[in-house]
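Novice:
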Amino acid sequence: MKKCIIQILLLIFPMLNFAQKLDIPKQSVYQVRDKMEIQTLNGKWKFKYVENKNIPSSLAGFTEVSFDDSSWEYITVPSNWETEGFKTPQYGADIVEAWGLYRTTFKANPAWSNKHVILRFDGVLFGYEVYVNGHYAGKWGSSFNPCQFDITPFIYFDRPNVLAVKVTTRTMGWRFDLNDCWALAGIFRDVELFSVPDLHLKDVTFVSQLKGNECATLTFKVDVGTFETTISDRQYRAQILFYDKVGHQLFSSSQPIKLQDNHQSLQFTCELEHPHLWTAETPYLYRMEVRIVNNKNEVVQQVYENVGVREVIVKDGILMVNNTPVLLRGTCHNEIDPIRGRALTDTDRQNQLKMMKAANVNFIRTAHYPFHPNFHKMCDEMGFYVCCEVPFGYGDSNLYKAEFTTELCTRAEATLTRDKNHPSIIMWTIGNENPYTEVVEKVVQYVKLKDPTRPRALPMAGHYFMENRERLSDNLDIYAFHYQSPQAVVKIADLKEKPVITTEYSHSLGLAFDVLESQFDTILSRKNIAGGAVWCWSDQALLRNRTVDDFMRDSVVMGVWIDSLRYLDSFKDKGTDGIVYADGYPQEDYWQLRKVYSPVIVRERDINVRKGEQMINFTVENRFNFISLVGYHCNWSVRNLSKELCRGTVDLKAQAQQIENIPLQITLPAEIENDDCMLYLSVTDYRGMPVYEKSVSLLVNNQKTDYTNLLSRVPDQKRFKVRKTSTTLSVEGENYLFTVDREGQITIQDGNKRKLVDSPLYLRVGRKPSINIENFLMRKKVFGWNPYILEPEVMDFKCMEEKDKVSAILYCKWLRVDKVDEYVEGKVCFSVSKSGLVSVDYDLKPYHATGTLWECGLTLTLHPSVETFRWLGNGPYTSTPGKTVYNERDIWALHKDDIHFIGNRGEVDVAVLLDNENTGIGFIGSASDLAVEKIGDAIYMTDNAIVSSYGTKLSQPVVNNKADKVGNMRGKFTLLVMGKDGNVLLTPVFSPYQEVLPNRHFLKSYGH
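So the sequence shown is numbered by my numbering: it starts at 630 and just counts up by one.
(1) So what does phenylalanine 1459 bridge to, in DSSP terms?
(2) Say whether the stretch 1055-1070 touches the stretch 1012-1030, bearing in mind that this needs 3 or more beta-carbon pairs closer than 8 angstroms, one atom from each stretch.
(3) Could you tell me whether the stretch 1237-1252 touches the stretch 1553-1571, using the rule of 3 or more Cβ pairs below 8 angstroms?
(4) Quick check on glutamine 636: buried or exposed, where buried means 16 or more other Cβ atoms within 10 Å of its Cβ?
(5) Can you list the alpha helix (DSSP H) stretches of 4 or more residues lying completely in the stretch 1134-1215, in chain order?
(6) Where does asparagine 842 land, buried or exposed, given buried means 16+ other C-beta within 10 angstroms?
(7) Return the chain-ordered list of same chain residues with a C-beta closer than 7 angstroms to the C-beta of leucine 1615, the five sequence neighbours on each side being excluded.
(8) Give a yes or no on whether the C-beta atoms belonging to serine 1114 and glycine 1207 are separated by under 8 angstroms.
(9) Just to confirm my understanding: we take valine 679, look at its own chain, exclude 5 residues before and 5 after, and list those with CB closer than 8 angstroms. What are they?
(10) On a CA-only basis, which of Leu1392, Thr1509, Val1514 is nearest lysine 1456? Give me that one, please.
(11) Expressed to the nearest angstrom, what Euclidean distance is found between the alpha-carbon atoms of phenylalanine 1253 and leucine 1523?
(12) Could you tell me which residues DSSP pairs with proline 1475 in its beta bridges?
(13) Considering Cα atoms alone, identify which of His1051, Phe715, Asp1212, Ala988 is closest to threonine 1313.
(14) Let me know if alanine 1109 comes out buried or exposed under the rule of 16 or more other beta-carbons within 10 Å of its beta-carbon.
(15) Which residue marks the beginning of the alpha helix (DSSP H) containing glutamine 979, and which one marks its end?
(16) Just mark alanine 972 as buried or exposed, buried being the case when its beta carbon has 16 or more other beta carbons within 10 Å.
(17) Report the start-end ranges of each alpha helix (DSSP H) in the stretch 1063-1090 that is 4 residues or longer and not cut off at the edges.
(18) So for leucine 1028, helix, strand or coil by DSSP?
(19) What residue from Leu1340, Arg939, Ala1437, Leu1297 has the CA that sits closest to asparagine 1330's CA?
(20) List the endpoints of the continuous beta strand (DSSP E) containing valine 1238.
(21) Within its chain, find whatever has a CB closer than 6 angstroms to the CB of serine 894; leave out the 5 residues flanking it on each side and keep chain order.
(22) Using only the alpha-carbon positions, how far apart do threonine 1603 and leucine 1466 sit?
(23) Between Leu1172, Pro1084, Thr1044, Thr1035, which has its C-alpha nearest aspartate 1103's C-alpha?
(24) Return the chain-ordered ranges of every beta strand (DSSP E) run that is complete within the stretch 1346-1409 and spans a minimum of 3 residues.
(25) Quick check on methionine 1598: buried or exposed, where buried means 16 or more other Cβ atoms within 10 Å of its Cβ?
(26) What's the call for isoleucine 1151, buried or exposed, on a 16-neighbour Cβ count within 10 Å?
(27) Would you check if the distance between the CB atom of lysine 673 and the CB atom of aspartate 698 is smaller than 8 angstroms?
(28) Glutamate 1289: beta carbon under 7 angstroms from a heavy atom of the ligand SAH?
(29) Can you give me the C-alpha to C-alpha distance between asparagine 790 and alanine 1041, rounded to a whole angstrom?
(30) In the DSSP assignment, find the unbroken alpha helix (DSSP H) run with asparagine 1003 in it and report its ends.
(31) Does the Cβ-Cβ distance between tyrosine 1214 and leucine 1197 come in under 8 angstroms?
(32) Hey, could you find the ends of the beta strand (DSSP E) lysine 925 is sitting in?
(33) Taking all protein chains shown into account, decide if cysteine 776 is buried (16 or more other Cβ within 10 angstroms of its Cβ) or exposed.
(34) For tyrosine 1569 and threonine 1548, what's the separation of their Cα atoms in angstroms?
(35) Could you tell me which residues DSSP pairs with threonine 995 in its beta bridges?
(36) Around the C-beta of glutamine 1169, are 16 or more other C-beta atoms found within 10 angstroms, so that it is buried, or is it exposed?
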């Protein structure tokens, strides 16, 4: 034991020595955040923008009280220069050398005349100098960290004060505040004043340590000091008061203040029995009050802070909160708004966090800097685990230079000092994807010295981590790396050295999110894989107006267009990596994440049933780490298509990390349309908010409904008129006219000779150009065929007439346009029965072909009057390999102008595509992949034989149908005319027809 203590001391002393040698500025006054004690300076300031290395001599005196700023424009504080129209936005690793000169006036609160007045800037990009009434008050150079200035010597209480701020894009560490995002500048967070007495609180630190889960040791470290006055012994006392959520006092204690060199550190401890432990699932907050009182027990200064009792440890290579392994269902987040830039409001933050909570997110990585202090307060209250990042992004070359050690440790000091008492922050990360140098290791050591109660990690690029893992010091508690394959993640986890967190994974470029499902399964497979954070929560975009010179004008696929003149500019594909759009509107990836991250899961996909009264069972898995499902409800209904057969509500009870069996008493009638029954489940939490949905197929007599069996129910029509020539087959029935010719032109008309289909026999060989596909083309990793819809070259045309049907067989070739001698070839057979059904059967194969077939199948164009798409199958979103769990089987409907319209839908049994009089085309398949796309005013409908994944920005598609590897592509489906004078076979499936209105939140999105 003695030897162990000596070794620990030997490890600590070198860190203490190096920290003592650094000249790191530390706050002299504890932060005051109580709104009643703060005077805000936010508002309209006078402003001058200067884009130059030097400030013109004519502006040199702008800090003086007498300077004439009447010709200057106004700027909102907080804001960014770019969003206010003063500067053209720039993206990424560079920003022009420029200055922003600010001036405002304020009146000091007369009640503060005998106190020290502190001026605080919560965030300024990039660095700044402060002048009060012409006097230099100080400077600061870490954009995302706050800085406080004692301006007492410079202010007036009898007249207005002039505050001048010189903001620059160049400081010693300016590159550290650049990342792969918009490089915005200006005073973007709050500017506030508050006062403190001469004897004041310098710092307050709260720490809780558990003894089991039934008792906690609470430690309060209080630093007090004076600016200049010496106080007499026992004249003042420091006091701690501790309250529960409803205001009951649980603890109070005081100690006399005895200063040495105008400073004293005091420590208070107490034992709290049966504490309410803070977790993201149980965000219980206590109230801590810290006071300085005089000998009359009068309060000289006091601060209030909500704190949580919880402990974070690493044990046996597993990350634990309150002695329990946790699962981090996370996202990276970036503070940006398309209108306000980085000057978010509390309403913005509240709305973002509510959306995250609704998406079952419980972990946020602040990428790549500490967020506004109110954000962390909200996370404490709402219940989120937070990985708070010490800010240094770019500027890697500086990490090899010893002179930057103080700069980076200063950033660490400021980050930890402000945020250390937030229970939501469970770990510190240091920088982002930087090289691991001696300078970086010293910053890690400093963070450990400053706060040994939380684990630390260095988020690293995956390949760099793999190459340097063995060099990482024991001062790092967690392995954090980015964008590795499931196999690589498992390999590291199975070393069982440290917890693993994929601090970036499943990059969501455009709608490329197809590795999420498999990668989260990998996270679930090992307890020492604590979780991960997808990249990223929202697109990083600014609202822009289109101009003649706009770089976006020829690159529509890269933008999100609100209308023909305004777009959300993500700098081509650089910032289009969110699961919600920049304005907060959810993409389909949001819904995929919500389903994958659900803490409540139903595993069953189908259940065997019989007709009549019976008991069925399904299982509910509780993935919460701490809470039971008591208070959660499962609302259920059994439906035969749109007809509800029975319904009910079940109270859930499963304990954390447990599974419960749910029995249901149901009755199925003797007559069930198509024997198609589904059990629809919807889980709500104790507030009634939706958490999870699932549709479970009820297999009557263990048989899945095969809708192709419906075809035999259609009676023959009295009229069956066939016209055959060497170039044309025409078949006319009572309510249809079908024609196919030697050129591969297909026409289907209803009984009134109105055209429903008038289309070449197209072949889809890809997808509409989108940001995902463009990204692959730019990186030359995967390429498709362009154009992606090909017209046929019919090599042979034959007609065959049998007893109850007539057929046309076309042997076709579809030539690739952008490369010679590459094509798809094969046979297509159209068979028209006497019942008026058109069956289509095809067998195709690529020849001499290269590239990826993103999708491939026969395609027909519908008449422009057809505007709605209804289907029985998986929906409502697109279905591709790797993007499936967010879809459920049901009856769905979309208008062709809907922003979600385009794309493949999976396991489609039947569909109808109708005009506003409910006339159109019916489709019958067998769990088919059916794609729709609006081109011009027409719907293009494709029966897909193969479907590839989207891929991601950093990885190949999960399923990549390479043309040179694809064999025969086969498909089979049936078409029929729908309408009041047409076939009614599918009417029971979709009736009653409800009006379908398009969702037009955007004009275009990522090219769709």
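Ideal placement from N, C-alpha and C gives every residue a C-beta, glycine not left out.
Quantities reported herein were computed from a predicted structural model and do not represent experimental measurements.
Specialist: In terms of the structure at hand:
(1) Ala1437, Val1469
(2) yes
(3) no
(4) Note that glutamine 636 scores 37 on pLDDT, short of 50, meaning its location in the model is unreliable and no value can be drawn from it.
(5) 1145-1154
(6) exposed
(7) Val1539, Val1541, Gly1551, Met1607
(8) no
(9) Pro685, Leu688, Ala727, Trp728, Gly729, Leu730
(10) Leu1392
(11) 35 angstroms
(12) Val1453
(13) Ala988
(14) buried
(15) 975-987
(16) buried
(17) 1067-1079
(18) helix
(19) Leu1297
(20) 1235-1238
(21) Asp852
(22) 7 angstroms
(23) Pro1084
(24) 1350-1353, 1357-1361, 1365-1370, 1374-1379, 1384-1389, 1391-1393
(25) buried
(26) Going by the sequence as given, residue 1151 is threonine instead of isoleucine. It is buried - the Cβ of threonine 1151 has at least 16 other Cβ atoms within 10 Å.
(27) no
(28) This structure lacks the ligand SAH, and indeed carries no ligand of any kind.
(29) 33 angstroms
(30) 1002-1011
(31) no
(32) That residue, lysine 925, is in no beta strand (DSSP E); it is neither H nor E in DSSP.
(33) buried
(34) 17 angstroms
(35) His962
(36) buried
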